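Using this note's numbering, you'd call the opening residue of the sequence shown number 115 and step up by one each time.
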Amino acid sequence: MKTFYIETFGCQMNVHDTEKVVGTLLARGYSQVETPDEAGLVLYNTCSIRDKAEQKVFNRLSSFKRAGNGKVFGVLGCVAQQEGARIFEKAPHVSLVCGSASYTKLPDLLVQLESGNRRVTGLSLDTDEAFETPLTRRDNPHRAYITIIEGCDKSCAYCVVPFKRGPERSRTSASILEEARRLADAGYTEIQLLGQNVNSYRDPSPSGWDFATMLARVAEVPGLRRVRFTTSHPRDFGKDIVDAIDANPVLCNHVHLPVQSGSSRVLDRMQRLYSREQYMRRIEWLKASRRNIAITTDIIVGFCGETEKDFEQTLSLLDEVRYDSLFSFKYSARPNTPALALEDHVSEEEKGRRLTILQERQRAIQLERNAELVGAVEEVLVEGFNRSTGQWIGRTSQNRVLNFLHAVVPRPNGVSLEGSYLDVRVTRAGPNSLAGEAVA
Ligand code: 5AD
Ligand code: SF4
Numbered sequence: 115m116k117t118f119y120i121e122t123f124g125c126q127m128n129v130h131d132t133e134k135v136v137g138t139l140l141a142r143g144y145s146q147v148e149t150p151d152e153a154g155l156v157l158y159n160t161c162s163i164r165d166k167a168e169q170k171v172f173n174r175l176s177s178f179k180r181a182g183n184g185k186v187f188g189v190l191g192c193v194a195q196q197e198g199a200r201i202f203e204k205a206p207h208v209s210l211v212c213g214s215a216s217y218t219k220l221p222d223l224l225v226q227l228e229s230g231n232r233r234v235t236g237l238s239l240d241t242d243e244a245f246e247t248p249l250t251r252r253d254n255p256h257r258a259y260i261t262i263i264e265g266c267d268k269s270c271a272y273c274v275v276p277f278k279r280g281p282e283r284s285r286t287s288a289s290i291l292e293e294a295r296r297l298a299d300a301g302y303t304e305i306q307l308l309g310q311n312v313n314s315y316r317d318p319s320p321s322g323w324d325f326a327t328m329l330a331r332v333a334e335v336p337g338l339r340r341v342r343f344t345t346s347h348p349r350d351f352g353k354d355i356v357d358a359i360d361a362n363p364v365l366c367n368h369v370h371l372p373v374q375s376g377s378s379r380v381l382d383r384m385q386r387l388y389s390r391e392q393y394m395r396r397i398e399w400l401k402a403s404r405r406n407i408a409i410t411t412d413i414i415v416g417f418c419g420e421t422e423k424d425f426e427q428t429l430s431l432l433d434e435v436r437y438d439s440l441f442s443f444k445y446s447a448r449p450n451t452p453a454l455a456l457e458d459h460v461s462e463e464e465k466g467r468r469l470t471i472l473q474e475r476q477r478a479i480q481l482e483r484n485a486e487l488v489g490a491v492e493e494v495l496v497e498g499f500n501r502s503t504g505q506w507i508g509r510t511s512q513n514r515v516l517n518f519l520h521a522v523v524p525r526p527n528g529v530s531l532e533g534s535y536l537d538v539r540v541t542r543a544g545p546n547s548l549a550g551e552a553v554a
């Protein structure tokens, strides 16, 4: 019996890559198990965006040094791409190292593993095919991911992604639409379009659609109720995207627009290719929309040379934009990145102090933003039921979690609300979620 266990770290691209890998393994007769102990093949789909993420996989692997007898270990994803065959030295019990650009070769690599080869790698980046497989095993029965573009051609000074995922490759519009129709026919109602920089999508077929056109076409696929996309790069984010959202309510009113810093000086050192003012133009487009578009972002504190004044500009940007949510990180130096050549390192202690201040400021803003919704009726997609609170868990178009009470409670073999769309009146607001009651 061939069994495998897989654990995923990192971004949604990785989560979706794992779905593809799982589909490939199931098609080869493997079955998935819930713990590494039960598995013959143990896989880690890794992230190397920050040092902490990278260390996690080596911690996992080291815990198996002795207990791993007879198991085959594989490292997939970004750490695999970055470290390559060096992983065999750091963790000699690993047999498979495969980067995301090589997952098309996975069936071959599995054959090599099955025939007893103990050092198998798939690390080339020179593939021009965006990975497509009909075998993808989807984790969520209602929401599905579709990769529209792989790789990244930007060179942000702090970022390893261009080295991990290779140059940009867009998928044809025909193949994207075909996948969207197939998913809608199979009952999925929400689609999330994925790419490191979806805004630079360019249809390689003669029609040459740009991202806004592609987005509008996907939203027209019959049966789809919600279409989202991530991630955007402010430099390539055009007003036509806001126009598309305005024109079709299927496009969710949420845009994730990573800013990284509120200081134009820091943005320049980061090689982000926009200034604070140019970023704010995009925010103005979003705020001028007829829809109430939620805006979220990513911020790095303590980048090389970030002064107290620069940091204060990031805080003032939070006040100006009033983000609905954000992810914040301490700058972490990464191998091979341009930022390694920069000086003026900010101490770990100072990075920690800035991160805490930033997160406290944002928490207050989020409380206010969420409180503005009390009394409103929001449509949610029901994701599950929380037994400890007796509330259903829903998600709004703005991507907020809205927990709510409903006359229906789950019973064995009884009705479930999961996957349905319901109107919910918001009654309370916290910093990270809303609570409400289903509208009868
Ligand atoms: N250090 C800290 N944060 C980083 N990010 C990317 N690279 C680094 C790094 N070296 C953050 C950025 C990006 C998010 C996915 O991770 O904010 O938008
Ligand atoms: Fe992490 Fe970037 Fe790789 Fe995603 S693409 S897993 S964020 S390093």
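Even for Gly, the Cβ is constructed at its ideal location relative to N, Cα and C. Computed from a predicted structure; not experimentally measured.
Candidates Ile507, Arg525, Asn527, Pro524: which alpha carbon is nearest leucine 536's? By 1-based counting over the sequence shown, the position of residue 536 is 422. For leucine 536, the nearest C-alpha among the options comes from Ile507.
C-beta atoms of threonine 160 and leucine 190 nearer than 8 Å: Position 46 of the sequence shown, counted from the first residue, corresponds to residue 160. Position 76 of the sequence shown, counted from the first residue, corresponds to residue 190. With respect to leucine 190, threonine 160 sits close: the two C-beta atoms are nearer than 8 Å.
Mark asparagine 527 as exposed unless 16 or more other C-beta atoms lie within 10 angstroms of its C-beta, in which case mark it buried. Taking the sequence shown and counting its residues from 1, the one referred to as residue 527 is at position 413. So asparagine 527 ends up on the exposed side.
Taking only the alpha-carbon atoms, compute the straight-line gap between glycine 533 and serine 502 and give it to the nearest angstrom. Sequence index remark: in the sequence shown, residue 533 carries index 419 (1-based). Sequence index remark: in the sequence shown, residue 502 carries index 388 (1-based). Their backbone Cα atoms lie some 20 Å apart in a straight line.
With leucine 237 as the anchor, note down where its alpha helix (DSSP H) starts and where it stops. Residue numbering aside, residue 237 sits at position 123 when the sequence shown is read from its first letter. Counted as a single uninterrupted DSSP element, the stretch harbouring leucine 237 is not any alpha helix (DSSP H), since DSSP gives it neither H nor E.
Helix, strand or coil: how does DSSP classify arginine 448 here? Here residue 448 refers to the residue found at position 334 when the sequence shown is read from its first residue. Here DSSP, grouped into helix, strand and coil, assigns arginine 448 to coil.
Reducing DSSP to helix, strand and coil, say where cysteine 192 ends up. Counting from one through the sequence shown, the residue named residue 192 turns up at place 78. Of the three classes helix, strand and coil, the one that applies to cysteine 192 here is helix, per DSSP.
Valine 332 classed as buried or exposed, judged by whether at least 16 other C-beta atoms fall within 10 angstroms: In the sequence shown, the residue the question calls residue 332 occupies position 218. Around the Cβ of valine 332, a 10 Å sphere holds 16 or more other Cβ atoms; the residue is buried.
Is it a yes or a no for the segment 362-370 touching the segment 325-344, going by three-plus beta-carbon pairs under 8 Å? Taking a contact to require three or more Cβ pairs closer than 8 Å, the segment 362-370 and the segment 325-344 qualify as touching.
Does DSSP put methionine 496 in a helix, in a strand, or in coil? Start at 1 with the first residue of the sequence shown, and residue 496 comes out as number 382. The residue you asked about is not methionine; residue 496 is valine in the sequence shown. Strand.
Indicate whether glutamine 480 and serine 430 have their beta-carbon atoms separated by less than 8 Å. Stepping through the sequence shown from its first residue, residue 480 is reached at position 366. Stepping through the sequence shown from its first residue, residue 430 is reached at position 316. No, Cβ-Cβ distance for glutamine 480 and serine 430 is not below 8 Å.
Own chain residues within Cβ distance below 6 Å of tyrosine 98, not counting five before or after: Shown here, the chain extends from 115 to 554; a query on residue 98 therefore has no answer.
Looking at the strands, I want to know which residues DSSP matches up with threonine 344. For the purposes of this step, residue 344 is taken as the residue at position 230 of the sequence shown. For threonine 344, DSSP records a beta bridge to Leu308.
Compute the Euclidean distance between the alpha carbons of valine 488 and arginine 285, then round it to the nearest angstrom. Within the sequence shown, the letter at position 374 stands for residue 488. Within the sequence shown, the letter at position 171 stands for residue 285. Whole-angstrom Cα-Cα distance: 41 Å.
Length at least 4, wholly inside the segment 343-384: the alpha helix (DSSP H) runs in chain order: Counting whole runs of 4 or more residues, the segment 343-384 contains the alpha helix (DSSP H) stretches 353-361, 378-383.
Rounded separation between asparagine 406 and tryptophan 399 - CA only: Stepping through the sequence shown from its first residue, residue 406 is reached at position 292. Stepping through the sequence shown from its first residue, residue 399 is reached at position 285. One C-alpha to the other measures close to 12 Å.
Spatially closest choice to isoleucine 305 from Asn254, Cys270, Arg279, Tyr315, by CA coordinates: In the sequence shown, the residue the question calls residue 305 occupies position 191. For the residues Asn254, Cys270, Arg279, Tyr315, the minimum Cα distance to isoleucine 305 belongs to Asn254.
Selection from Pro449, Asp131, Glu121 that minimises the alpha carbon distance to valine 147: Mapped onto the sequence shown, residue 147 falls at position 33. For the options Pro449, Asp131, Glu121, the alpha carbon positioned closest to that of valine 147 is the one of Glu121.
Which same chain residues end up closer than 6 Å to leucine 237 when comparing Cβ atoms and leaving out the 5 residues on each side of it in sequence? Position 123 of the sequence shown, counted from the first residue, corresponds to residue 237. Closer than 6 Å at the Cβ level, and outside the excluded window around leucine 237, lie Gly198, Gly213.
How long is the line joining the alpha carbons of valine 540 and leucine 531, rounded to whole angstroms? Within the sequence shown, numbered from 1, the residue matching residue 540 stands at position 426. Within the sequence shown, numbered from 1, the residue matching residue 531 stands at position 417. Valine 540 and leucine 531: Cα-Cα distance of roughly 18 Å.
Would you tell me roughly how many angstroms separate the C-alpha atoms of serine 446 and tyrosine 272, rounded to the nearest one? What you label residue 446 is simply residue 332 of the sequence shown in a count that begins at 1. What you label residue 272 is simply residue 158 of the sequence shown in a count that begins at 1. When rounded, the separation of the alpha-carbon atoms in serine 446 and tyrosine 272 is 8 Å.
Is it the case that the Cβ atoms of arginine 475 and valine 494 are separated by a distance below 8 Å? Mapped onto the sequence shown, residue 475 falls at position 361. Mapped onto the sequence shown, residue 494 falls at position 380. It is not a contact, given that the beta carbons lie outside the stated cut-off.
Is tyrosine 445 near ligand 1, going by C-beta to nearest heavy atom under 7 Å? Along the sequence shown, one-based indexing puts residue 445 at 331. Yes, ligand 1 has a heavy atom inside 7 Å of this Cβ.
Specify, as a first and last residue, the run of the beta strand (DSSP E) that valine 208 falls within. On the sequence shown, position 94 is the one that residue 208 refers to. Annotation: the continuous beta strand (DSSP E) that includes valine 208 extends over 208-212.
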